[in-house]
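Residue numbers for the sequence shown follow our numbering, beginning at 2 and rising by one. Glycine is no exception: its CB is placed at the ideal position from the N, C-alpha and C atoms.
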Amino acid sequence: MLAYGVQRWIEIDLTMPGVLIVGPSGWGKSTAAASAVGTLAVLYPDVRVWVMDGKGDPAFRFLHDVPGARYYPYRAALDGLRELNQILQDRMAGTIPLPPFCFGWLDELMGLLLLLPKKEQEEVKGMVTSILLQGRAMGVQLLLSVQRPDASMFASGGAARESLNHTLVLGPMSASMASMVGDMDTAQLMPIPAGTVGAGHLLTAGNNLRAVQVPMVRDWKKLEKALIHAVTN
């Protein structure tokens with residue numbers, strides 16, 4: 002991507018509301034999300050992270066046997082989301098204190114929805130929408146990853162989508178996908194070389210579009226250690 006003008010580091014503030022990572026399998030969604038959440042855990046040692054794994058990704062194997070980990074695979078991801086949403090509701094009601102910062106990483110939202118009956122699908126959509134729209138002031142945030150974005154992921158469609166502060170699209174972006182992600186001029190899209198894992202576009206605040214290359218993870222053990230601390234503290 003250096004040939005297309007990617008020349009400097011771009012910082013993403015994960016304490017701002019709503020992060021969405023989009024891309025087909027094999028383009029580095031899980032790596033990008035793990036790197037972002039791991040960095041958050043290093044910068045904010047007191048952050049509490051919930052990992053909700055909608056498809057049982059083998060990448061999370063290192064969390065399987067960690068005692069007390071806030072890790073929820075497959076259908077159990079619904080329980081993790083309920084816990085996070087309850088913290089939001091309790092903080093809004095003033096029954097529990099605001100600190101610490103609570104962060105949910107919901108991997109493969111659409112995969113989770115497909116596992117659940119209609120009633121629980123709507124419950125998930127409602128909780129995701131509630132956290133996206135109301136979580137910032139209460140110190141509760143959410144990172145979502147999907148293979149393909151769709152307004153049906155949210156209970157209120159456009160309102161929830163517009164609350165996403167950062168949208169990272171990995172791999173080639175079609176005009177139809179661009180319209181689902183946000184308002185953008187598709188003429189601004191850079192060509193993505195085939196097989197360039199981690200290459201894509203970052204949309205910030207709904208209108209600032211930039212070509213990006215997600216950096217490689219150089220020390221997975223260090224990243225895993227940071228994530229284990231974040232889901233157990």
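What does DSSP give as the partner residue(s) for residue i in the beta ladder?
i             : result
threonine 205 : His167 and Asn209
alanine 200   : Gln214
proline 74    : Asp54
Would you mind reading off the limits of the beta strand (DSSP E) that contains residue i?
i             : result
arginine 49   : 49-54
glutamine 142 : 141-147
glycine 105   : 103-108
leucine 21    : 20-23
Please determine, among the options, the residue with the shortest C-alpha to C-alpha distance to residue i.
i             : options                           : result
leucine 190   : Gly196, Gly127 and Asn209         : Asn209
glycine 31    : Trp221, Asp47 and Gln122          : The sequence given here places serine at residue 31; glycine does not occur at that position. If we check each option's Cα against that of serine 31, Trp221 comes out closest.
leucine 21    : Met178, Ser177, Leu145 and Leu171 : Leu145
glycine 140   : Met128, Thr233, Phe61 and Leu99   : Leu99
serine 175    : Val50, His202, Ala161 and Gly55   : His202
glutamine 148 : Arg83, Leu107, Arg137 and Val125  : Leu107
alanine 77    : Arg162, Pro68, Leu113 and Pro216  : Leu113
arginine 49   : Tyr72, Met178 and Ile13           : Tyr72
methionine 93 : Gly136, Gly81 and Glu124          : Gly136
glutamate 124 : Met111, Asp151, Pro150 and Arg83  : Arg83
aspartate 14  : Gln142, Ile229, Met111 and Pro68  : Gln142
alanine 138   : Lys126, Cys103, Ile11 and Arg211  : Cys103
Does residue i pass the burial test, meaning 16 or more other C-beta atoms within 10 Å, or should it be called exposed?
i              : result
leucine 3      : The pLDDT assigned to leucine 3 is 45, lower than 50, so where the model puts this residue is not dependable, and the model offers no usable value.
threonine 96   : exposed
aspartate 66   : exposed
aspartate 151  : exposed
isoleucine 193 : buried
serine 153     : exposed
arginine 219   : exposed
alanine 161    : buried
For the alpha helix (DSSP H) containing residue i, list its first residue and its last residue.
i              : result
valine 38      : 30-44
isoleucine 132 : 119-135
glutamate 225  : 221-231
Compare the C-beta of residue i against all C-beta atoms of chain D and say whether one is closer than 7 Å.
i           : result
leucine 228 : The chain labelled as chain D is not found in the depicted structure, where only one protein chain is given.
Give a yes or no on contact between the segment 129-138 and the segment 84-99, applying the rule of three or more CB pairs nearer than 8 Å.
-> Yes, the segment 129-138 touches the segment 84-99.
Between the segment 41-48 and the segment 167-183, are three or more C-beta pairs nearer than 8 Å?
-> No, the segment 41-48 does not touch the segment 167-183.
For the segment 117-126 and the segment 56-72, state whether three or more C-beta atom pairs, one from each stretch, are separated by less than 8 Å.
-> The segment 117-126 makes no contact with the segment 56-72: fewer than 3 CB pairs, one atom from each, lie closer than 8 Å.
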